[in-house]
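> This is the structure, below, for whatever I ask next.
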RNA sequence: GGAGGGGUGGCCGAGUGGUCAAUGGCAGCAGACUGUAAAUCUGCCGGCGUCAGCCUACGUUGGUUCAAAUCCAACCCCCUCCA
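Residue numbers (the numbering used here): 185 to 597.
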């Protein structure tokens with residue numbers, strides 16, 4: 185390990201959380217000798233956080249694990265503006281109502297990973313101070329500390345300008361607001377550290393500098409690397425959809441499956457970032473090769489799911505996967521109830537697959553069948569004009585679309 | 001306000017009177033190979049359908065035409081340059 189004195193910093197480095205850090209020596213000193221309060225901001229754009237936010241969440245969790253104090257900030261105020269970082273387009277502005285709903289969902293996501301309470305983790309909303317900010321006061325007190333010259337050099341702005349994409353004044357101000365958040369949090373809660381993805385570096389540094397200039401406090405910034413899969417995909421998408429943390433938006437089983445399908449080359453890295461298994465255990469697991477690596481993937485999936493949905497749900501998901509992929513255990517299949525009223529005596533196969541949720545339309549179901557991807561009780565059904573006797577559905581039949589999607593369909597009842 | 005360019009399927013992007021449900025790429029789905037991986041190869045990829053065909057689609061609304069994504073008019077939106 186590196187020569188850090190602080191246990192926290194050693195752990196973060198060992199697990200691959202650190203991309204850049206401001207004044208690392210002083211930060212090492214500060215975290216070695218006492219507890220520090222650190223925060224990360226989360227967008228308020230959806231009703232749940234997703235796997236793309238997970239590195240940040242794990243970072244907060246690690247902070248707490250090592251006796252420091254995590255603060256999660258939801259950007260109720262800044263979401264009204266929109267972060268320009270890395271984006272070419274103006275983000276949609278939200279209504280106040282949807283913001284409140286999103287906040288509640290985000291708190292639910294975080295509550296699984298962090299222990300909230302007095303002296304523990306806290307959640308704050310920057311709307312609490314940003315909304316009452318007076319424009320004139322803000323310009324006079326803080327605006328004078330930012331030069332346009334410097335702001336233009338930050339990647340988030342520079343890249344946007346280089347690509348000749350419009351950057352509105354609204355978005356341009358995002359940096360100032362985020363810098364001000366940091367200052368405000370240092371005053372309100374004694375926060376000394378801001379963390380975030382590497383794309384946040386400029387915003388974070390602005391905050392650090394503002395703290396020094398205005399309040400003469402030393403603040404720290406730490407960023408994580410941008411996590412992508414080995415094949416270069418952005419982390420946290422599955423079939424083009426976000427992998428949500430809230431179980432209302434993604435079932436624990438599907439969450440488990442997401443991790444189980446990790447690419448070989450990512451297993452070790454993800455075990456370090458997304459589980460809390462001891463590093464020597466991880467070292468053993470990532471050495472496995474070929475089919476044996478599947479064991480490591482199952483462990484990754486179970487550990488990651490346990491953190492997010494609890495140990496019981498994780499074990500259940502693992503057992504369910506064992507049933508679906510390992511044996512032919514019908515009991516573990518998700519059950520889909522078919523509306524009896526809509527079914528004739530002989531049910532056409534495309535209708536059956538559509539009603540079971542395995543195809544979006546009859547056409548899609550037909551193509552699935554024609555392509556040889558549809559199975560009924562593990563027998564391939566290749567005739568799109570085939571039917572199934574309704575009586576057979578009384579007991580339930582196993583329907584499969586491809587190798588990974590299986591359900592037990594039976595008449596509702 | 002003036003001049004010019006542009007708005008095409010989830011995204012990017014061809015097409016500029018019929019052969020266009022619309023080339024190509026990406027994404028997605030399925031098959032083969034495997035290890036519920038990656039890479040590769042193959043098929044599918046608007047909806048409905050007894051695959052004959054029908055319906056809805058190329059910013060919006062009208063029009064010309066036997067026939068329009070393609071021509072005309074008005075309108076809306078975006079971009080560039082000029083004021």
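Here a beta-carbon is modelled for each residue, glycine too, at the ideal position from N, C-alpha and C. Only a predicted model underlies this, so the values are computations on that prediction, with no experimental measurement involved.
Can you find the residues in the same chain that come closer than 7 Å, C-beta to C-beta, to residue 419, ignoring five residues on each side of it along the sequence?
235, 236, 411, 412 and 413
> Decide if residue 304 is buried, meaning its Cβ has at least 16 other Cβ atoms within 10 Å, or exposed.
exposed
> Name the DSSP bridge partner or partners of residue 223?
255 and 378
> Would you be able to state if there are at least three C-beta pairs under 8 Å between the region 486-494 and the region 225-234?
no
> Between the beta-carbon of residue 298 and the beta-carbon of residue 248, is there less than 8 Å?
yes
> Have a look at residue 553 and residue 532 and give me their C-alpha separation to the nearest angstrom.
12 Å
> Check the DSSP bridge columns for residue 428 and list the partner residues they point to.
234
> Can you give me the start and stop residues for the alpha helix (DSSP H) that residue 404 sits inside?
From DSSP, residue 404 is part of no alpha helix (DSSP H) but of the beta strand (DSSP E) over 404-408.
> Taking residue 586 as the reference, which of 317, 564, 594 and 579 has the closest Cα?
Scanning 317, 564, 594 and 579 for the CA closest to the CA of residue 586 turns up 564.
> Quick test of your reading: residue 484 and residue 455, contact by CB under 8 Å. State the CB separation rounded to the nearest angstrom.
About 5 Å; that satisfies the 8 Å criterion.
> If distances are taken between C-alpha atoms only, which option among 376, 433, 447 and 381 comes closest to residue 474?
The shortest C-alpha separation from residue 474 is found at 447.
> Can residue 387 and residue 363 be called in contact, C-beta distance under 8 Å?
yes
> Are the region 577-597 and the region 525-543 in contact at 8 Å, needing three or more beta carbon pairs?
Verdict: yes, contact present.
> Can you find the residues in the same chain that come closer than 6 Å, C-beta to C-beta, to residue 353, ignoring five residues on each side of it along the sequence?
none
> Taking the beta strand (DSSP E) that residue 309 falls in, what are its first and last residues?
306-309
> Measuring only the C-alpha atoms, how far is residue 331 from residue 432?
45 Å
> With respect to the alpha helix (DSSP H) encompassing residue 545, which residues constitute its N-terminal and C-terminal limits?
Careful: residue 545 lies outside any alpha helix (DSSP H) and carries neither H nor E.
> With a cut-off of 8 Å, do at least 3 Cβ pairs link the region 543-562 to the region 461-473?
no
> How far does the beta strand (DSSP E) with residue 594 in it reach, from first residue to last?
589-595
> Please report how far the alpha carbon of residue 252 lies from the alpha carbon of residue 194, in whole angstroms.
Just so you know, the alpha carbons of residue 252 and residue 194 end up roughly 14 Å apart.
> Express the C-alpha separation of residue 238 and residue 406 in angstroms, rounding to a whole number.
16 Å
> Applying the 10 Å Cβ sphere with the 16-neighbour rule, what's the burial state of residue 308?
buried
> Taking 6 Å as the limit between beta carbons, can you name the residues of its chain near residue 273, skipping five residues before and five after?
With a pLDDT of only 39 at residue 273, under the threshold of 50, the placement of this residue in the model should not be trusted, and no figure is reported.
> Quick one: what's residue 521 bridged to in DSSP?
594
> Which residues mark the beginning and the end of the alpha helix (DSSP H) in which residue 217 is found?
208-217
> If you follow the alpha helix (DSSP H) that residue 194 is in, where does it begin and where does it stop?
Taken as a continuous stretch (DSSP letters only), the alpha helix (DSSP H) holding residue 194 covers 191-199.
> Which residue's Cα is closest to the Cα of residue 380: 225, 306, 578 and 210?
Selected option, being the one with the closest Cα: 225.
> Can you look up residue 415 in the DSSP assignment and give me helix, strand or coil?
coil
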